[in-house]
Amino acid sequence: MRLVRAAIFPVLALATAHPVLAQNAPALPTGTLPAPGARPAGPPMQPQGWTMTVGVAPLFGMAWQGSKDTALSIFPDLRVNYKDTLFLSVPDGLGWNAVNADGWKAGPLVKLRFGRNESNGGSPFQITGGSDALIGMGDIGVAGEAGGFVEKRFGAKRQWRARAEVRQGFGAHQGVVGDVQAAYSGRTGKVLYSAGPRATFASADYVQTYFGVDAGQAARTGLAVSRPDGGLVSYGLGANVIRPLDRRRVVTLFAGVDRLGGEPASSSLIRERGQRTQFTVGLGYGFRFGL
């Protein structure tokens, strides 16, 4: 078994937060581009053979996307990689770097989006806090999203990275979701860092599933019927700081702030029970080893 350098918990987007891990709840961020495969900010790793990362990350942020209430969750992180070719994790999904040359990466991608619980708004990993603002809205089940990605790394030291994803939903929502991200990565001594902007776009089906209020929900909640259209879901900034402890272990501090786009914010759910500005902050620990 060959041990390799550990690295976990990029910031999305996050977080995040572009919540794919748990829609409308805090999620492991995917937003400032240590890209899929659990790569750290800074110079990319070239893992040999199969590797696995096991970690955990306490995260404090909004109880659901659009919420004005907060919650604390503890997320597990399990990642499996084959070289710089295949990657599998809950935050990054299942993907294949079918194109991987000259700073370009592209390929197919499938992601999981957890549901939303009307009783507390939280993810399955929430341990305290939460929100009762969704009571009467009903639960939202698990959705899958299948599509593809393209990524380019550039600059004198390839310190800049840009990435775009487009995915078609199935299950709880049938909408189309697109993420665009950019980040600048660097190193100060042993510390790696990454920061940059991000945005998420989606079709009307997606926006209405997570932000709309239909007639039945209006009758149960007292909210006005709202049918927001597709468009910009959110935009914001994310950053992370990664400190390797040794060849196998790493600690990551990540944070992000995002603002809902005009269509989601126009919903009576957000106007009366939520807010446009969202934030997440968390601390991750990971251990990576060869298989």
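Residue numbers (the working numbering): 14 to 304.
The beta carbon of each residue, even a glycine, is placed where N, CA and C say it ideally should be.
Nothing here was measured: the structure is a model prediction, and the numbers come from that model.
Does SER132 pass the burial test, meaning 16 or more other C-beta atoms within 10 Å, or should it be called exposed?
Counted from its first residue, the sequence shown places residue 132 at position 119. Around the C-beta of SER132, fewer than 16 other C-beta atoms lie within 10 Å, and the residue is accordingly described as exposed.
Same chain, Cβ closer than 6 Å to SER239, five either side skipped, listed in chain order
Position 226 of the sequence shown holds residue 239. These residues qualify, in order along the chain: GLY225, VAL226, SER280 and SER281.
Measure how close the beta-carbons of VAL294 and PHE73 come, nearest whole angstrom, since I'm counting them as under 8 Å.
Translated into the one-based positions of the sequence shown, residue 294 becomes position 281. Translated into the one-based positions of the sequence shown, residue 73 becomes position 60. The pair is a contact, with the Cβ atoms about 6 Å apart (cut-off 8 Å).
Relative to the C-alpha of SER216, which residue among PHE183, MET75 and ASP242 is closest?
Locating residue 216 in the sequence shown gives position 203, counting from the first residue. The shortest Cα separation from SER216 among PHE183, MET75 and ASP242 belongs to ASP242.
Alpha-carbon spacing of GLY235 relative to TYR206, whole angstroms:
Residue mapping note: residue 235 aligns to position 222 of the sequence shown, counting from 1. Residue mapping note: residue 206 aligns to position 193 of the sequence shown, counting from 1. Taking the straight line joining both Cα atoms gives about 46 Å.
What distance in whole Å lies between the Cβ atoms of GLY68 and GLY297, which are believed to be in contact at a cut-off of 8 Å?
Translated into the one-based positions of the sequence shown, residue 297 becomes position 284. Translated into the one-based positions of the sequence shown, residue 68 becomes position 55. Confirmed, Cβ separation roughly 6 Å.
Fully enclosed by the segment 185-252, which alpha helix (DSSP H) runs are 4 residues long or longer?
For the alpha helix (DSSP H) assignment, the uninterrupted runs of no fewer than 4 residues enclosed by the segment 185-252 are, from N- to C-terminal side, 217-224 and 228-234.
Residue of LYS124, ILE87 and GLY229 minimising C-alpha distance to PHE162:
Numbered from its first residue, the sequence shown carries residue 162 at position 149. Of the candidates LYS124, ILE87 and GLY229, the one whose C-alpha sits nearest the C-alpha of PHE162 is LYS124.
Which residue or residues does DSSP assign as beta-bridge partners of ASN94?
Along the sequence shown, one-based indexing puts residue 94 at 81. Under DSSP, the beta-bridge partners assigned to ASN94 are THR64 and PHE100.
Hey, would you say ILE255 sits closer than 8 Å to VAL263, going by beta carbons?
Position 242 of the sequence shown, counting from 1, holds the residue named residue 255. Position 250 of the sequence shown, counting from 1, holds the residue named residue 263. In contact: ILE255 and VAL263 (Cβ atoms closer than 8 Å).
Can you grab the Cα-Cα spacing for the pair GLY202 / PRO257, in whole Å?
By 1-based counting over the sequence shown, the position of residue 202 is 189. By 1-based counting over the sequence shown, the position of residue 257 is 244. The straight-line gap from Cα to Cα measures roughly 11 Å.
Any contact between the segment 178-185 and the segment 154-170? By contact I mean 3 or more CB pairs, one from each, below 8 Å.
Between the segment 178-185 and the segment 154-170, the count of C-beta pairs closer than 8 Å reaches three or more; the two stretches touch.
Does ASP271 pass the burial test, meaning 16 or more other C-beta atoms within 10 Å, or should it be called exposed?
Numbered from 1 along the sequence shown, position 258 holds the residue referred to as residue 271. That one is buried.
Going by other Cβ atoms of all chains shown within 10 Å of its Cβ, with 16 needed for buried, is PHE309 buried or exposed?
This structure does not reach residue 309, given that the chain is present from 14 up to 304, and the question cannot be answered.
Are the beta-carbon atoms of GLY251 and ARG200 separated by less than 8 Å?
As a position in the sequence shown, residue 251 is number 238, starting the count at 1. As a position in the sequence shown, residue 200 is number 187, starting the count at 1. No, the pair does not count as a contact, with Cβ atoms beyond the cut-off.
Go ahead and pull the three-state DSSP assignment for ALA84.
For the purposes of this step, residue 84 is identified with residue 71 of the sequence shown, where counting begins at 1. ALA84 falls in the strand class under three-state DSSP.
If I'm right that ARG129 touches LEU147 with Cβ under 8 Å, what's the distance once you round it to whole angstroms?
Taking the first residue of the sequence shown as position 1, residue 129 is located at position 116. Taking the first residue of the sequence shown as position 1, residue 147 is located at position 134. The Cβ separation is near 7 Å, so the contact holds.
What's the gap between the Cα of ALA195 and the Cα of LYS170?
Within the sequence shown, numbered from 1, the residue matching residue 195 stands at position 182. Within the sequence shown, numbered from 1, the residue matching residue 170 stands at position 157. Those two C-alpha atoms are separated by around 16 Å.
Using 8 Å for Cβ pairs, my map puts THR64 next to LEU273. What's the rounded Cβ distance?
Locating residue 64 in the sequence shown gives position 51, where the first residue counts as 1. Locating residue 273 in the sequence shown gives position 260, where the first residue counts as 1. Between LEU273 and THR64 the Cβ distance is about 37 Å, and since that is not below 8 Å, they are no contact.
To the nearest angstrom, how far is it from the Cα of GLY168 to the Cα of TRP117?
Translated into the one-based positions of the sequence shown, residue 168 becomes position 155. Translated into the one-based positions of the sequence shown, residue 117 becomes position 104. Between the C-alpha atoms of GLY168 and TRP117 there is a straight-line separation of about 13 Å.
For SER136 versus SER80, is the C-beta spacing smaller than 8 Å?
Walking along the sequence shown from the start, residue 136 turns up at place 123. Walking along the sequence shown from the start, residue 80 turns up at place 67. No; because the gap between Cβ atoms is not below 8 Å, this pair is not in contact.
Provide the residue span of the beta strand (DSSP E) that contains GLY157, from first to last.
Stepping through the sequence shown from its first residue, residue 157 is reached at position 144. Segment 156-167, the beta strand (DSSP E) holding GLY157.
Thinking C-alpha only, which one of ASN113, GLY106 and ALA114 is nearest LEU122?
Here residue 122 corresponds to residue number 109 of the sequence shown, with the count starting at 1. With respect to the C-alpha of LEU122, the residue from ASN113, GLY106 and ALA114 having the closest C-alpha is GLY106.
If distances are taken between C-alpha atoms only, which option among VAL193, VAL179, VAL189 and SER86 comes closest to VAL220?
To locate residue 220, count along the sequence shown from 1; it is residue 207. Closest by C-alpha distance to VAL220, out of VAL193, VAL179, VAL189 and SER86, is VAL189.
Could you compute how far the alpha carbon of THR141 sits from the alpha carbon of ASP192?
Counted from its first residue, the sequence shown places residue 141 at position 128. Counted from its first residue, the sequence shown places residue 192 at position 179. Each residue's alpha carbon lies about 29 Å from the other.
Assuming GLY269 contacts PHE302 under a Cβ cut-off of 8 Å, what Cβ separation, rounded to an integer in Å, is found between them?
The sequence position of residue 269 within the sequence shown is 256, counting from 1. The sequence position of residue 302 within the sequence shown is 289, counting from 1. Contact between GLY269 and PHE302 fails: their C-beta atoms lie close to 29 Å from each other, not under 8 Å.
Could I get the ranges of all uninterrupted alpha helix (DSSP H) runs contained in the segment 256-287, with 4 residues as the minimum, in chain order?
As far as the segment 256-287 is concerned, its whole alpha helix (DSSP H) runs of at least 4 residues are 275-279 and 281-286.
Apart from the five residues just before and just after VAL112, which ones in its own chain have a Cβ nearer than 7 Å to its Cβ?
Residue mapping note: residue 112 aligns to position 99 of the sequence shown, counting from 1. So the qualifying residues of the chain are LYS118, ALA119 and GLY120.
Secondary structure of LEU72, DSSP reduced to three states:
Numbered from its first residue, the sequence shown carries residue 72 at position 59. In the three-state reduction of the DSSP assignment, LEU72 falls in the strand class, which pools E and B.
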